[in-house]
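**Student:** After the structure tokens below, expect a handful of questions from me.
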Amino acid sequence: MSRPVANLLLLLAALIWGSAFVAQSTAMRDLGPLTFTGLRFLIAAIVVAPFAIREHANRSLAPLTHGQMLRFTGLGLVFFLAIALQQTGMTVTTVTNAGFLTAIYVVLTPILGLLAFKERPHAVVWPAALVTLAGIWLLGGGGIDRLNTGDLLMIVCAVFWALHVCLLGGMAASSGRPLTLSAWQFAVVGIVAIVPGLILEPVSLQAIAAAGPEILYTSIFSGGLAYTLQTIGQRWTRAGDAAILLSSEALFGALFGALLLGERLTFAGLVGCMLIFLSIVAVQVVPIIGWSRLRARIRMRGA
């Protein structure tokens with residue numbers, strides 16, 4: 123798969139996540155965060171399982187080793203921590219704080235990739251990551267509310283998101299089984315979340331039925347489809363680039379809020395959208411044409 127096609131898959135994943143943000147929030151009226159997360163990802167694992175089984179039947183692929191299975195499980199646990207911390211934090215903090223503090227992973231990902239995994243991102247990723255973070259801050263209103271324990275959870279969540287993005291691409295590429303990896307990590311998240319959820323959180327069939335639409339949408343589309351697109355796309359692009367592309371979830375979330383809920387962006391929000399869009403364009407265009415050719419084109423247009 124070419125890098126531009128892989129990046130388009132990541133943008134599509136972000137678009138789906140942006141459309142699902144409201145569903146993640148409203149589901150908390152009926153279910154606790156662990157129960158919701160467990161049900162959501164168990165269904166996502168069931169949705170992706172037939173495709174993973176078909177992938178497993180491909181005889182050109184080497185059988186999974188015990189080491190790969192352990193790594194898949196470890197990735198699922200990292201994924202669970204990121205999801206659970208985010209979903210729990212959303213019950214305490216504001217939407218503005220949640221969106222901005224989670225987005226810190228955009229900057230953490232290339233730093234973690236360089237320090238822990240020796241992955242050197244293209245030079246454009248560093249300014250693009252900072253510009254993206256600034257754009258998300260403006261999109262959230264140009265400020266954050268007083269910090270609380272939910273915000274601390276969001277910051278820790280951002281660390282696990284960055285670690286997940288860094289690990290995912292390498293595992294998908296080395297195993298050659300992105301669909302199996304997706305189904306595996308979904309199952310891990312679902313099992314690890316649902317057990318304490320059923321023990322610690324109030325739950326009933328009525329509550330599950332009330333949250334049914336949100337569960338189905340976030341499991342089938344936001345979960346099974348979007349996260350699998352991320353797994354496939356990250357085989358062919360760098361972690362720093364992927365973090366910026368996936369952060370466009372905030373941009374798409376604002377657009378869906380305007381289209382479906384009648385929300386209106388402020389001037390600062392529009393500037394934030396533009397900054398995120400420019401960052402996405404930069405990480406796509408600059409590595410292809412190079413810094414020198416880009417400067418030459420800018421000088422030609424200015425002449």
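Numbered according to the numbering used here, the sequence shown spans residues 123 to 425.
Where a beta carbon is used, it is the ideal one built from N, C-alpha and C, also for glycine.
1) Looking at the unbroken alpha helix (DSSP H) that takes in Ile-138, where does it start and where does it end?
2) Would the segment 193 to 212 count as touching the segment 306 to 315 if we require 3 or more Cβ pairs under 8 Å?
3) So which of Leu-164, Pro-232, Ile-402 and Phe-239 has the shortest CA-CA distance to Ala-372?
4) Buried or exposed: Leu-192, going by 16 or more other Cβ atoms within 10 Å of its Cβ?
5) Counting C-beta neighbours from all protein chains within 10 Å, is the total for Val-229 16 or more, i.e. buried, or is it exposed?
6) In whole angstroms, what separates the C-alpha of Pro-155 from that of Ala-128?
7) Nearest by alpha-carbon distance to Leu-301: which of Val-170, Leu-237, Ser-369 and Ser-182 is it?
8) If you pair each beta-carbon of the segment 329 to 348 with each one of the segment 147 to 164, do three or more pairs fall below 8 Å?
9) Say the cut is 7 Å; is the CB of Ile-337 nearer than that to a heavy atom of the ligand ADP?
10) What are the boundary residues of the alpha helix (DSSP H) that includes Ile-226?
11) For the alpha helix (DSSP H) that contains Ser-304, what are its first and last residues?
12) With Val-169 as the anchor, note down where its alpha helix (DSSP H) starts and where it stops.
13) How many Å lie between Ala-329 and Leu-153 at the Cα?
14) In whole angstroms, what is the alpha-carbon distance linking Gln-119 and Gly-221?
15) Out of Leu-387, Gln-352 and Arg-360, which one is the CA nearest neighbour of Ala-136?
16) In this structure, does DSSP put His-188 in helix, strand or coil?
17) Using C-beta distances below 6 Å, list every residue in its chain close to Trp-283, excluding the 5 sequence neighbours before and after it, in chain order.
18) Between which residues of its own chain and Leu-132 is the CB-CB distance below 8 Å, once the five residues before and five after are set aside?
19) What is the DSSP secondary structure of Gln-208, reduced to helix, strand or coil?
20) Does the beta-carbon distance from Ala-250 to Ala-404 come in below 8 Å?
21) Taking only three categories from DSSP, how would you classify Ser-182?
22) Helix, strand or coil for Ser-296? Go by DSSP, reduced to three states.
23) So, under 8 Å CB-CB, Thr-224 and Cys-279 are touching, yes? Tell me the CB distance rounded to an integer number of Å.
24) Between the C-alpha atoms of Gly-291 and Gly-272, what's the straight-line distance to the nearest angstrom?
25) For Gln-356, name the three-state secondary structure that DSSP assigns.
26) From the DSSP output, in three-state form, read off Ser-344 for me.
27) For Gly-394, which three-state DSSP category applies?
28) Determine the contact status of Ala-166 and Gly-375, defining contact as a CB-CB distance below 8 Å.
29) Alpha carbon to alpha carbon, how far is Val-317 from Ala-206?
30) Indicate the three-state DSSP secondary structure (helix, strand or coil) for Ala-376 in the structure shown.
31) Would you mind stating whether Cys-288 and Leu-347 have Cβ atoms separated by less than 8 Å?
**Tutor:** According to the structure data:
1) For the purposes of this step, residue 138 is identified with residue 16 of the sequence shown, where counting begins at 1. Taken as a continuous stretch (DSSP letters only), the alpha helix (DSSP H) holding Ile-138 covers 125 to 148.
2) yes
3) The residue labelled residue 372 in the question sits at position 250 within the sequence shown. Closest option to Ala-372, Cα to Cα, is Ile-402.
4) What you label residue 192 is simply residue 70 of the sequence shown in a count that begins at 1. Per the 10 Å Cβ criterion, exposed.
5) The residue labelled residue 229 in the question sits at position 107 within the sequence shown. That one is buried.
6) For the purposes of this step, residue 155 is identified with residue 33 of the sequence shown, where counting begins at 1. For the purposes of this step, residue 128 is identified with residue 6 of the sequence shown, where counting begins at 1. For Pro-155 and Ala-128, the distance between alpha carbons rounds to 31 Å.
7) Here residue 301 refers to the residue found at position 179 of the sequence shown. Checked all of Val-170, Leu-237, Ser-369 and Ser-182; the closest Cα to Leu-301 is Val-170.
8) yes
9) The ligand ADP is absent from the structure shown, which contains no ligands of any kind.
10) Your numbering for residue 226 matches position 104 in the sequence shown. Run containing Ile-226: none; DSSP gives neither H nor E here.
11) By one-based count along the sequence shown, residue 304 stands at place 182. Here the alpha helix (DSSP H) through Ser-304 covers 300 to 322.
12) In the sequence shown, the residue the question calls residue 169 occupies position 47. Where Val-169 is concerned, the enclosing alpha helix (DSSP H) stretches over 155 to 178.
13) Taking the sequence shown and counting its residues from 1, one reaches residue 329 at position 207. Taking the sequence shown and counting its residues from 1, one reaches residue 153 at position 31. Spanning the two alpha carbons is a distance of roughly 6 Å.
14) Coverage of the chain is limited to positions 123 through 425, which leaves residue 119 absent and any answer about it impossible.
15) On the sequence shown, position 14 is the one that residue 136 refers to. Ranking the options by Cα distance to Ala-136, first place goes to Gln-352.
16) Translated into positions along the sequence shown, residue 188 becomes position 66. It is helical.
17) As a working mapping, residue 283 is identified with position 161 in the sequence shown. Within the same chain, Trp-283 has close Cβ partners Ala-204 and Tyr-227.
18) The count along the sequence shown starts at 1 and reaches residue 132 at position 10. Excluding residues within five positions, the ones whose Cβ falls inside 8 Å are Leu-351, Gln-352, Gly-355, Gln-356, Thr-359, Ala-364, Leu-367 and Leu-368.
19) Along the sequence shown, read from residue 1 onward, the residue named residue 208 stands at position 86. Here Gln-208 sits in helix by DSSP.
20) Within the sequence shown, the letter at position 128 stands for residue 250. Within the sequence shown, the letter at position 282 stands for residue 404. Yes, Cβ-Cβ distance for Ala-250 and Ala-404 is below 8 Å.
21) The sequence position of residue 182 within the sequence shown is 60, counting from 1. Note: Ser-182 maps to coil in three-state DSSP.
22) Numbered from 1 along the sequence shown, position 174 holds the residue referred to as residue 296. Helix at Ser-296.
23) As a first step, residue 224 is located in the sequence shown; it is residue number 102 there, counting from the start. As a first step, residue 279 is located in the sequence shown; it is residue number 157 there, counting from the start. Right, their Cβ atoms sit about 6 Å apart.
24) Sequence index remark: in the sequence shown, residue 291 carries index 169 (1-based). Sequence index remark: in the sequence shown, residue 272 carries index 150 (1-based). If you take the alpha carbons of Gly-291 and Gly-272, they lie about 29 Å apart.
25) On the sequence shown, residue 356 is found 234 positions in, with the first residue counted as 1. Coil, per DSSP.
26) Position 222 of the sequence shown, counted from the first residue, corresponds to residue 344. Helix, per DSSP.
27) Looking up residue 394 in the sequence shown gives position 272. In this structure, Gly-394 counts as helix in the three-state DSSP scheme.
28) Position 44 of the sequence shown holds residue 166. Position 253 of the sequence shown holds residue 375. Taking 8 Å as the Cβ cut-off, Ala-166 and Gly-375 do not qualify as a contacting pair.
29) Looking up residue 317 in the sequence shown gives position 195. Looking up residue 206 in the sequence shown gives position 84. Each residue's Cα considered, the two are about 13 Å apart.
30) In the sequence shown, residue 376 corresponds to position 254, counting from 1. Reduced to three states, the DSSP call for Ala-376 is helix.
31) As a working note, residue 288 is residue 166 in the sequence shown. As a working note, residue 347 is residue 225 in the sequence shown. Not a contact, by the Cβ cut-off of 8 Å.
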